[in-house]
Structures are given as C-alpha cells and as structure tokens.
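Protein chains: 2
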Amino acid sequence: MTLQENVRKPLDRLSEALSDEMGAVNALIRDRMASRHAPRIPEVTAHLIEAGGKRLRPMLTLAAARMVGYGGPYHIHLAATVEFIHTATLLHDDVVDESSQRRGRPTANLLWDNKSSVLVGDYLFARSFQLMVEPGNMRTLEILANASATIAEGEVLQLTAAQDLATTEDIYIQVVRGKTAALFSAATEVGGVIAGAPADQVQALFDYGDALGIAFQIVDDLLDYGGATETIGKNVGDDFRERKLTLPVIKAVAKADELERAFWSRTIEKGDQRDGDLEQALALLARHGAMDAARADALAWAAKAKDALRVLPEHPIRDMLTDLADFVVSRVT
Amino acid sequence: MTLQENVRKPLDRLSEALSDEMGAVNALIRDRMASRHAPRIPEVTAHLIEAGGKRLRPMLTLAAARMVGYGGPYHIHLAATVEFIHTATLLHDDVVDESSQRRGRPTANLLWDNKSSVLVGDYLFARSFQLMVEPGNMRTLEILANASATIAEGEVLQLTAAQDLATTEDIYIQVVRGKTAALFSAATEVGGVIAGAPADQVQALFDYGDALGIAFQIVDDLLDYGGATETIGKNVGDDFRERKLTLPVIKAVAKADELERAFWSRTIEKGDQRDGDLEQALALLARHGAMDAARADALAWAAKAKDALRVLPEHPIRDMLTDLADFVVSRVT
Chain A
27 MTLQENVRKP LDRLSEALSD EMGAVNALIR DRMASRHAPR IPEVTAHLIE AGGKRLRPML
87 TLAAARMVGY GGPYHIHLAA TVEFIHTATL LHDDVVDESS QRRGRPTANL LWDNKSSVLV
147 GDYLFARSFQ LMVEPGNMRT LEILANASAT IAEGEVLQLT AAQDLATTED IYIQVVRGKT
207 AALFSAATEV GGVIAGAPAD QVQALFDYGD ALGIAFQIVD DLLDYGGATE TIGKNVGDDF
267 RERKLTLPVI KAVAKADELE RAFWSRTIEK GDQRDGDLEQ ALALLARHGA MDAARADALA
327 WAAKAKDALR VLPEHPIRDM LTDLADFVVS RVT
Chain B
27 MTLQENVRKP LDRLSEALSD EMGAVNALIR DRMASRHAPR IPEVTAHLIE AGGKRLRPML
87 TLAAARMVGY GGPYHIHLAA TVEFIHTATL LHDDVVDESS QRRGRPTANL LWDNKSSVLV
147 GDYLFARSFQ LMVEPGNMRT LEILANASAT IAEGEVLQLT AAQDLATTED IYIQVVRGKT
207 AALFSAATEV GGVIAGAPAD QVQALFDYGD ALGIAFQIVD DLLDYGGATE TIGKNVGDDF
267 RERKLTLPVI KAVAKADELE RAFWSRTIEK GDQRDGDLEQ ALALLARHGA MDAARADALA
327 WAAKAKDALR VLPEHPIRDM LTDLADFVVS RVT
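First to last, the protein sequences are chains A and B.
Count along the first sequence starting at 1, add 26, and that's the number in this note's numbering.
Count along the second sequence starting at 1, add 26, and that's the number in this note's numbering.
This is how it looks when you write it as structure tokens:
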C-alpha cells in the first residue's frame, strides 16, 4: 500500500476497488425505484437516493462477497436490497422524528408530505422484498426478512424507551442493534452466505457488521453532543431536544446526584426544556466523563469488529474493512 | 343446501366450513404479532387485529387451497401473511388519511400516535415477509412480494390522482386494483399455487380475487355516498370531505356542465367546502345517474368474479364463493 493510498479514506478505497459492482448496484437501484404508474415515487426516492448517501451498507455486502471469493451475480441484488431497506427506513424515520433536514437537504416529508414519505417508504420496502426473492436463496431471504423485523422492533423499542430514565446501557445496545446494527450485520452476512462461505467465515462477517454498526451508532450519538474533533456539519443537541436517551446521557444519569437527576427528569422525561439546558447537559456529561466513557465503548466495538475479520482469508478488501472500523471511530477520537 | 343455510351470510358459512384452519391462522397471527422486546407492538396490533375484522382475505386463501384439494399445512402461513399485510396497510392508511375511527373504534394513530402506527405497521410488514418465506415456495413468495409493491404503488397513485378532476375511470380501476384488489387476487392465487393446482385453475382463482376486490371497493365507495339500502353505520360523505375522487364522482364529473364542473373543482380540487356542498354533490350524483351507473359496474365485476369460478371443480366452497360475490354487492343493490 502506498502512502497516498494509506491516507485516502477507507470508504473511498472500497468504492474504487468495488466500482464496477457498485455501478451495477446503482443501475439496479435506479431501475427498481421507477414506477410506471406513480411518478411521485421516483421523485421522492431520487431525492433521497441521489442525495449523496455513502452507500456504506450495500458496499459491505459487495465487500463481504468479494472477500470470500464470490463471482456473482446475486450479491448485486442483495446489495440493492440492503440500500432499499435503508432508504425506506430513513423515509419513515424522518416522519417519526419530524425531521426537516437529512444529508444537508430538506427531508421528503417537508418537500412533499408525511403521506408521501409513509407510502413511498412502504413501496421501497416492498421493492426490497421483491429484490431479495430474486437470488432464489432461502437463507439470504431469511436473514434479510429477519433484519427488517429487527429494525422495526428496534425503532418501536426506541419510541418507548427514549424518554425513560430507567433505560439501561443494555437496552440502549438492544435498540442500537435493532435500528442500526441489524442491517450492517445482515449486509455482511448475506455477502458471505450467497458466496457459500464456510460457517465460521459467515459468523465472522456477521460479527464484523454487528460490531461496526454498534460503533457507528455510538459515534453518531456522541457527535450529537459535539463529540467531534472537527466540525462535521451536524447540529449539536438534536437528540437532547428530541429527548432521546443515548449512551452519553445514560452514563451521566447513572452517576447523577439528586439534583442532576431532577434536571434529566425535567428535560428528557417531562420534555420541559429552557434556555441554557443544553449547556447544562453538556456540563453534566463532561463532569461525569460520560463522553470519554462512551468514546471508549465505541473504540472497544471497533476493536471487536477488526478482531472478527481475522478469521477471514487475507485480502486487500479485508484490510480496507479493518481501516473502515478505525475510520468510523476516528471522527470522535 | 337447506333453506336455513341459504339465508346465512356466505362469510359466516365460509367461516364455519374453514373453522379449524381459521383457528390455526388466528393462533399463528397471535404468535407472530408478539414482540419479546417491544410491548407497544402487541398492544397496537391487538387493538386492530382483535377488533372484529372479518378476516375476509385470509379466508380467501384457505378457501382457494381447500377448493383445489390442498392438504396443508402452508396455506395457514400464507393466510396469516395476507392478514398481516392487510393490517399493516390499515395502520399506515389511517396515518395517511388522518382517520380517527376504524371498525367503530378509535384508530391506533389516535390512541397512541402516528409514530407508533408507522413503526408497528413496518413491523407487521416485516413479519409478513418472514411468514411468507416459511413455506419455502418461490412462486407464492413472488406473488405476495409483488402484491405488496402493487398495494404501495396504488396508494401513492391515489395520493396524486385523488384531487385531480382529470382522473378517468381507467385510473380509478388502476388505483383500486392496487389498493384493494391486488391483495384479494394474491390471497386466492397463492391458495391455488401452494396446492400445485393446474395453471388454468390458478388463473381462475386470480381472476376471482381481482374481480371480487374491485366489486368490493366500488361498493365501499358507493356506501360512502349513502348508496346503501339499509343503514350500515358508515358516515356519508367522508370521501367527499377528504376530496377523494371515487367512481360515482368521476361519472358525474364526466357528465358535468360548466357550472357543475366549477362546483367539483372548488370542492374537490381546491378543497374549498361549505355548508350544503355535500347535499349538492349528492344531488349532482343523482341527476346524472352516477350512483346507478357505479352500481351497475359493481354488479358487472361481481358477475365476472362468479364467472371465473366456473373453471374450478365443483365444491361446496365454490358455491360459497359464488354467493360471496353476490353478497358483496348486495349491500348496494
């Protein structure tokens, strides 16, 4: 690996190594998001799918399949399936969270309406199921259908757990496994399964996706409290304002004295937020080392992800996935 | 058939003939709508699934499989799948339509919130896909995945076509095929396919479901303008107030003079509705015979449904399905 390659971001290197296959995935996505009857559908999906998403999840499927020697063609369908599930989830998330921005652009629910976001999301879910049937492989079908159920379950769990100070780190990880890691681990696992890789390699791919997804979400939650070493164009405090109980807050609540507990109860449980509350929350997170502790957890999950890869055969893609795990947490370290 | 049997509603007779299998379907539904992690899920689904729905769609799957001699067990999974898809659709429909009542009870979006309805609907969709994988039959899987996509497409099409006076009867039928008939025809078709019935019988089952679904929806749209011969506990004028362009209105618009067109444009396209407008709409429907013409269409679709059944072997269930087609339109004739 040259020095220049070494400094380029692992996602860009993966993108380049898998560019032919990624091109095929993008073509399939464009083809399948079309609708002969309802032009509103491609309008809404194009807005989101073309909006410069990183295509991280479908890339994981392609990478997994390539690493264990798959010659194709069905990893393309599985990768497109994964991106469709992800996009459908984003559309519904933005309705649920009443978001107005996604990837720096207005959300579909704002540009059109909640109705379009709900129904076009349903359409993409259905399209994803059509796609996942095509390889004719029962095991990949089960994995992806199960992932869809786990994602929805995680989202519902988050809905009820979000404003409850009794939420533990275990419940948080459970929510994160559902809403984020389930699709990462399904993405990597199906890449191995479609290639007919041996069971220990399939397990390693699952473990990598699972740990990477958890690290990814913890980092996302840290960034929401400004945990970045550089600016990342994200608004600090969105989760606080939406009263989402994420890992840094859970850690701070666990160490809170009576007065601090009253503060969290008022702002998160009761949703009574005033000027200066975000600053106070940040101060409490700092006082109890909650950001550092969450950062350490993210690093531990990234290490676990890298560890899982050791079972897999040596491969340039494997090195990129190792670097990807480091890169995911590099934004907060 | 005794006189007494003849007088009982065909759905009740089907229910009784298929009661063991329907019991198995209900048990499977209860089992699969559970969630170990998120108790909100069974709360919401129980509210809807236990709310005395007629289980018409899963019954169609059981009836189709039985008629062509299937011995089981996978028609149970397919029937439960169909009901899950239906229930998920209802949850999302109520969000999209901002409904407050369903089957005479407050809707889930009102009892909980839109968020829960969106996410629990997603959960049921995902569960339906898990269920449809289990029979291990690629053809039934394709049919049901395609039906899900067609339903979502029909709903989106309705969203954009709804308030547009240029909507033709062809577009109306296309919307109805999507939002209603696709699940009816998939329900009957998979019953034949899982039984390994010959192609002409499978086609007949599809045709029956398709025509029955269209008749069913036209009747529903007629009832919304009070087309019933007896009271049915439905509010007259909901579609008018929601500015949905249904068959009776499409027929009246086609015959409208300039003044009448201005009325429809103001009330439906622009949504500017005043006291007395519903009465005026009803008068226009009557003036142009729009209700009678839509009624005739419903009868023609019911006749088409019955006609399709002739290809199938003689069977008591076949007679009940014939009577069911008559019964569906009897509410407006």
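We put the beta carbon where it would ideally sit given N, CA and C, even for glycine.
Remember, predicted model here, so these are calculated numbers, not experimental data.
For residue i, tell me which candidate among the options has the shortest Cα-Cα distance.
| i | options | result |
| --- | --- | --- |
| PRO161/A | ALA106/A, VAL228/A and ILE199/A | ALA106/A |
| ARG269/A | TRP290/A, VAL354/A and HIS112/A | TRP290/A |
| ARG357/A | THR71/A, GLY235/A and VAL245/A | VAL245/A |
| ASP46/A | GLU168/A, HIS73/A, GLY98/A and ALA241/A | GLY98/A |
| ARG300/A | ASP196/A, ASN52/A, ALA50/A and PHE266/A | PHE266/A |
| LYS330/A | ILE294/A, THR348/A and MET317/A | THR348/A |
| LEU249/A | ASP298/A, GLU295/A, LEU308/A and ASP196/A | LEU308/A |
| LYS332/B | ALA188/B, GLU181/B and ARG344/B | ARG344/B |
| LEU395/A | GLN243/B, VAL228/B, THR214/B and ASN172/B | There is simply no residue 395/A to check, as chain A begins at 27 and stops at 359 in what is shown. |
| ASP119/B | MET93/B, VAL94/B and VAL146/B | VAL146/B |
| GLU168/B | ARG56/A, GLN156/A and ILE199/A | GLN156/A |
| HIS341/B | ARG34/B, ALA89/B and HIS63/B | ALA89/B |
| MET85/A | ALA212/A, GLU295/A and TYR251/A | ALA212/A |
| ALA328/B | VAL354/B, ARG336/B, ALA280/B and ARG292/B | VAL354/B |
| VAL182/B | TYR198/B, VAL70/B and GLY95/B | TYR198/B |
| VAL275/A | ILE240/A, ALA316/A and THR293/A | ALA316/A |
| GLY79/A | LEU273/A, LEU37/A, THR193/A and ALA43/A | LEU37/A |
| GLU109/B | ASN52/B, ALA326/B, TYR96/B and ARG287/B | ASN52/B |
| LEU82/B | PRO65/B, THR113/B, ARG58/B and GLU69/B | THR113/B |
| ASP323/B | ILE55/B, ARG58/B, ALA237/B and ASN140/B | ALA237/B |
| LEU271/A | VAL144/A, ALA351/A, SER174/A and GLU295/A | GLU295/A |
| VAL219/B | ASP57/B, THR186/B, GLY180/B and THR87/B | THR87/B |
| GLN306/B | VAL337/B, GLY263/B and LEU325/B | GLY263/B |
Note the first and the last residue of the continuous alpha helix (DSSP H) segment covering residue i.
| i | result |
| --- | --- |
| THR214/B | 208-220 |
| LYS80/A | LYS80/A -> no alpha helix (DSSP H), and no H or E assigned at all. |
| ASP345/B | 342-356 |
| GLU109/B | 101-122 |
| ASN140/B | 140-159 |
| LEU44/A | Taken as a continuous stretch (DSSP letters only), LEU44/A belongs to no alpha helix (DSSP H), as it is neither H nor E. |
| MET164/A | 164-187 |
| VAL275/A | 273-280 |
| ASP301/B | No alpha helix (DSSP H) holds ASP301/B; DSSP gives it neither H nor E. |
| ILE199/B | 195-202 |
| TYR234/A | 225-249 |
| ARG267/B | 264-267 |
| ALA326/B | 316-335 |
| ARG15/B | The shown model of chain B, from 27 to 359, leaves out residue 15/B, and the question about it has no answer. |
Against residue i, what residues of chain A qualify as contacts under a CB-to-CB distance less than 8 Å, listed in chain order?
| i | result |
| --- | --- |
| LEU96/B | Per the sequence shown, the amino acid found at residue 96/B is Tyr instead of Leu. The premise fails here: TYR96/B is roughly 21 Å from chain A at the closest Cβ pair, so nothing lies under 8 Å. |
| GLU168/B | GLN156 and VAL159 |
| LEU37/B | Ordered by position in chain A, no residue passes the 8 Å Cβ test against LEU37/B, which lies about 28 Å from the chain. |
| LEU145/B | HIS118, VAL122, ALA178, GLU181, VAL182 and LEU185 |
Residue i versus chain A: which residues are under 7 Å apart at the beta carbon?
| i | result |
| --- | --- |
| TYR149/B | ALA175, ALA178, GLU179 and VAL182 |
| HIS63/B | GLU179, LEU183 and GLN200 |
| ASN172/B | GLN156 |
Interface residues of chain B around residue i at Cβ under 8 Å?
| i | result |
| --- | --- |
| SER142/A | VAL182 and LEU185 |
| ARG153/A | ALA175 |
| VAL271/A | For the sequence presented, residue 271/A should be read as Leu rather than Val. None at all; the shortest Cβ gap to chain B is about 15 Å. |
Please list, in chain order, the chain B residues whose beta carbon lies closer than 9 Å to that of residue i.
| i | result |
| --- | --- |
| ARG66/A | VAL182, LEU183, LEU185 and THR186 |
| GLY162/A | MET164 |
Could you list which residues in chain B have their beta carbon closer than 7 Å to that of residue i, in chain order?
| i | result |
| --- | --- |
| MET59/A | Going along chain B, no residue has its Cβ under 7 Å from MET59/A, so there is no contact; the nearest lies around 11 Å. |
| Proximal residues, the stretch 200-216 of chain B versus chain A, C-beta separation under 8 Å | GLN200 and GLY204
| message | Which residues of the stretch 103-128 of chain A have a Cβ closer than 7 Å to any Cβ of chain B? Give them in chain order. | response | HIS118, VAL121 and VAL122
| task | Check distances from the C-beta atoms of the stretch 310-334 of chain B to those of chain A and list, in chain order, the residues that come in under 7 Å. | result | none
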